[in-house]
Amino acid sequence: SGARVRRARSKRLPQYLERGIDVKFSDVAGLGNIRLELEEIVKFFTLGEVYRRRGVRIPGGILLCGPPGVGKTLLAKAVAGEAGVNFFSISASQFVEIYVGVGASRVRALYQEAKENAPSVVFIDELDAVGRERGLIKGSGGQERDATLNQLLVCLDGFEGRGDVITIAATNRPDILDPALVRPGRFDRKIYIPKPSLIGRVEILKVHARKKPMAEDVDYMAVASMTDGMVGAELANIIEVAAINMMRDGRPEITTDDLLQAAQIEERGMLDKKDRSLDMWNQLALNEAAMAIVAMNFPDLKNIEFVTIAPRAGRELGYVRVKMDHMKFTEGMLTRQSLLDHITVQVAPRAADELWYGESQLSTIWAETADNARSAARSFVLGGLSEKYYGLSNFWVADRINEIDLEALNILNMCYDRAKEILQRNRRLMDAVVDQLVQKKSLTKQEFFNLVDENGNLERMPPNI
Ligand code: ADP
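In this note's numbering, the protein residues as written are 40 to 504.
This is the structure:
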């Protein structure tokens, strides 16, 4: 049971109060243990007196750190919702005004209201807008920010340990905050909220699906595995777009297909923000298509989940990725032949580049996969798997480094020729996949294998080495 909400005593209507917050922790998904930490904050409200009597220090502020759209605001609201207290919010970018004193007086007003309507949560979004380290900004804008920041520090100190007004702030840049803000008693508790994992994405999709007419057999896993790098806000949007899709077709239920289509639209939305030339998209698509098409020829690598050239989290240039069945890799059950297959896939982008653009115009996009291939080939030889050093452990061959490198090169060349052969046999399929990738940026398993059925040339398996 939450603490009771006291009626506002002042006549003035609170300006920063958000009414009717009924968010609960069950509305926030995919956060694992992070939820437990926030449940504890709810206890500061409900059990504040007990905590104080036992000498447990109640923090003045909690800092939620993480990229936009992961659910920081939602979590802060859920704390207020679960505790049954008032929720006051402001974005710190609104503090920053050119008129000296305005920011500071807003901070004062915000906390005044929160105090008069306590117990309450004060939520400050984009804290870094005002909390940037002092002295970093020169000129009068900097002075204004300093005044606002000082006021905020005063307010935070005023509520420390009381437990009836708790500040939760959000930022994507905890690293640039003024050290004074994160001193004990202020924002001394930092909680990092990462982008959701695969399972996290499944859970978030399900939370948002609760209020929608979903088909019984919806494959959330398929949608989650296509949305690597997306955050809660984007996943929520996918459900909305899928619902519109369903309505437009006059169907009663949202299907997996609706969701997959919506995911592609959401991704393209992300992509439109990325400024890439058509040449660049073509290059990336060629790399990706080459890996997928070579991989599908091999027994251990043929389970292609999706093919994408979408830029993903942490990869500015975008990248080439084929999801494969990694079970055997992780269990160390690889055969000699499947290792060679793996190397062949890794050199496929380079081979495609040569075949499609010619030696003189090679790009360097494939550098990363070529690196993988090189080190895989080396371990292949060191592990005593090459014909020349068959069965020799690296203990015995370690002092023959030059020979090892030569033999690794030999392996690489064999794999390279094999990749080229497969690609040459599948020129039509390559062109079709590249074309679709450039258009759609991602292909589902189904879409990819449809293209294979229409254009593929699999009548002959590639030769083993
Ligand atoms: P942030 O404050 O981190 O930028 P928000 O909390 O504003 O993100 O998220 C925006 C919306 O996205 C939420 O209102 C919710 O609909 C959805 N959302 C984001 N993260 C989650 C999550 N972990 N679980 C469920 N929904 C989420």
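Just so it is clear, CB atoms sit at the ideal spot from N, CA and C, and this is done for glycine as well.
Only a predicted model underlies this, so the values are computations on that prediction, with no experimental measurement involved.
Straight-line Cα distance separating residue j from residue i
{"i": "residue 117", "j": "residue 300", "result": "31 Å"}
{"i": "residue 60", "j": "residue 129", "result": "15 Å"}
{"i": "residue 188", "j": "residue 86", "result": "30 Å"}
{"i": "residue 477", "j": "residue 283", "result": "25 Å"}
{"i": "residue 492", "j": "residue 239", "result": "34 Å"}
{"i": "residue 334", "j": "residue 95", "result": "58 Å"}
{"i": "residue 206", "j": "residue 293", "result": "40 Å"}
{"i": "residue 69", "j": "residue 232", "result": "10 Å"}
{"i": "residue 224", "j": "residue 202", "result": "12 Å"}
{"i": "residue 289", "j": "residue 259", "result": "22 Å"}
{"i": "residue 148", "j": "residue 165", "result": "18 Å"}
{"i": "residue 352", "j": "residue 328", "result": "Annotation note: pLDDT 44 at residue 352 (below 50); position unreliable, no value reported."}
{"i": "residue 390", "j": "residue 337", "result": "17 Å"}
{"i": "residue 458", "j": "residue 469", "result": "13 Å"}
{"i": "residue 396", "j": "residue 302", "result": "32 Å"}
{"i": "residue 413", "j": "residue 460", "result": "20 Å"}
{"i": "residue 306", "j": "residue 296", "result": "15 Å"}
{"i": "residue 451", "j": "residue 326", "result": "18 Å"}
{"i": "residue 356", "j": "residue 268", "result": "Per-residue confidence for residue 356 stands at a pLDDT of 46, beneath the threshold of 50, marking its modelled position as unreliable; the derived number appears in the next sentence. Their backbone Cα atoms lie some 14 Å apart in a straight line."}
{"i": "residue 131", "j": "residue 142", "result": "9 Å"}
{"i": "residue 82", "j": "residue 97", "result": "10 Å"}
{"i": "residue 346", "j": "residue 410", "result": "21 Å"}
{"i": "residue 339", "j": "residue 191", "result": "59 Å"}
{"i": "residue 322", "j": "residue 163", "result": "44 Å"}
{"i": "residue 255", "j": "residue 448", "result": "53 Å"}
{"i": "residue 146", "j": "residue 127", "result": "11 Å"}
{"i": "residue 114", "j": "residue 252", "result": "26 Å"}
{"i": "residue 48", "j": "residue 153", "result": "Here residue 48 scores only 48 on pLDDT, less than 50, and its place in the model should not be relied on; the value that follows carries that caveat. The straight-line gap from Cα to Cα measures roughly 11 Å."}
Heavy atom of the ligand MN within 7 Å of residue i beta-carbon
{"i": "residue 101", "result": "With respect to the ligand MN, the structure offers nothing, as its ligand set consists of the ligand ADP."}
Host beta strand (DSSP E) of residue i (start-end)
{"i": "residue 231", "result": "228–231"}
{"i": "residue 482", "result": "481–483"}
{"i": "residue 144", "result": "Unbroken run through residue 144 is the alpha helix (DSSP H), 141–155; no beta strand (DSSP E)."}
{"i": "residue 386", "result": "Premise fails: residue 386 lies in the alpha helix (DSSP H), 375–396, not in any beta strand (DSSP E)."}
Boundaries (first-last residue) of the alpha helix (DSSP H) holding residue i
{"i": "residue 100", "result": "Careful: residue 100 lies outside any alpha helix (DSSP H), inside the beta strand (DSSP E) at 100–104."}
{"i": "residue 420", "result": "406–421"}
{"i": "residue 259", "result": "259–264"}
{"i": "residue 324", "result": "317–334"}
{"i": "residue 7", "result": "In the structure as shown, the chain starts at 40 and stops at 504, and residue 7 therefore has no counterpart that could be examined."}
{"i": "residue 64", "result": "Looking at the DSSP string, residue 64 is not in any alpha helix (DSSP H), and its letter there is neither H nor E."}
{"i": "residue 268", "result": "Element bounds for residue 268: n/a, residue is neither H nor E."}
{"i": "residue 237", "result": "237–248"}
{"i": "residue 426", "result": "First-last for residue 426: undefined, no H or E at that position."}
{"i": "residue 337", "result": "Residue 337 -> no alpha helix (DSSP H), and no H or E assigned at all."}
{"i": "residue 93", "result": "Taken as a continuous stretch (DSSP letters only), residue 93 belongs to no alpha helix (DSSP H), as it is neither H nor E."}
{"i": "residue 52", "result": "Unbroken run through residue 52: none, as it is neither H nor E."}
{"i": "residue 221", "result": "Per DSSP, residue 221 belongs to no alpha helix (DSSP H) and is neither H nor E."}
Any non-hydrogen atom of the ligand ADP closer than 7 Å to residue i Cβ
{"i": "residue 195", "result": "no"}
{"i": "residue 149", "result": "no"}
{"i": "residue 112", "result": "yes"}
{"i": "residue 382", "result": "no"}
{"i": "residue 108", "result": "yes"}
{"i": "residue 275", "result": "yes"}
{"i": "residue 271", "result": "yes"}
{"i": "residue 244", "result": "no"}
{"i": "residue 105", "result": "yes"}
{"i": "residue 66", "result": "yes"}
{"i": "residue 131", "result": "no"}
{"i": "residue 117", "result": "no"}
{"i": "residue 209", "result": "yes"}
Minimum C-alpha distance to residue i - residue among the options
{"i": "residue 375", "options": "420, 223, 209 and 78", "result": "420"}
{"i": "residue 78", "options": "121, 158 and 103", "result": "121"}
{"i": "residue 485", "options": "344, 53 and 244", "result": "344"}
{"i": "residue 104", "options": "315, 473 and 228", "result": "228"}
{"i": "residue 320", "options": "209, 481 and 234", "result": "481"}
{"i": "residue 36", "options": "463, 464 and 416", "result": "Residue numbering for the chain in the displayed model covers 40 to 504; residue 36 lies beyond these limits and cannot be assessed."}
{"i": "residue 125", "options": "66, 62 and 75", "result": "62"}
{"i": "residue 27", "options": "247, 162, 113 and 388", "result": "No statement about residue 27 is possible, as the shown extent of the chain runs from 40 to 504 and does not include it."}
{"i": "residue 276", "options": "211, 108, 407 and 93", "result": "108"}
{"i": "residue 466", "options": "488, 93 and 394", "result": "394"}
{"i": "residue 248", "options": "65, 448, 463 and 472", "result": "65"}
{"i": "residue 261", "options": "423, 252, 251 and 242", "result": "242"}
{"i": "residue 56", "options": "161, 219, 256 and 446", "result": "161"}
{"i": "residue 422", "options": "444, 406 and 408", "result": "444"}
{"i": "residue 462", "options": "406, 384, 405 and 441", "result": "384"}
Strand pairing of residue i, partner residues [DSSP]
{"i": "residue 159", "result": "125 and 204"}
{"i": "residue 253", "result": "293"}
{"i": "residue 171", "result": "216"}
{"i": "residue 210", "result": "104"}
{"i": "residue 164", "result": "130"}
{"i": "residue 57", "result": "126"}
Cβ of residue i within 8 Å of any chain D Cβ
{"i": "residue 75", "result": "The structure shown contains no chain D; it is built from a single protein chain."}
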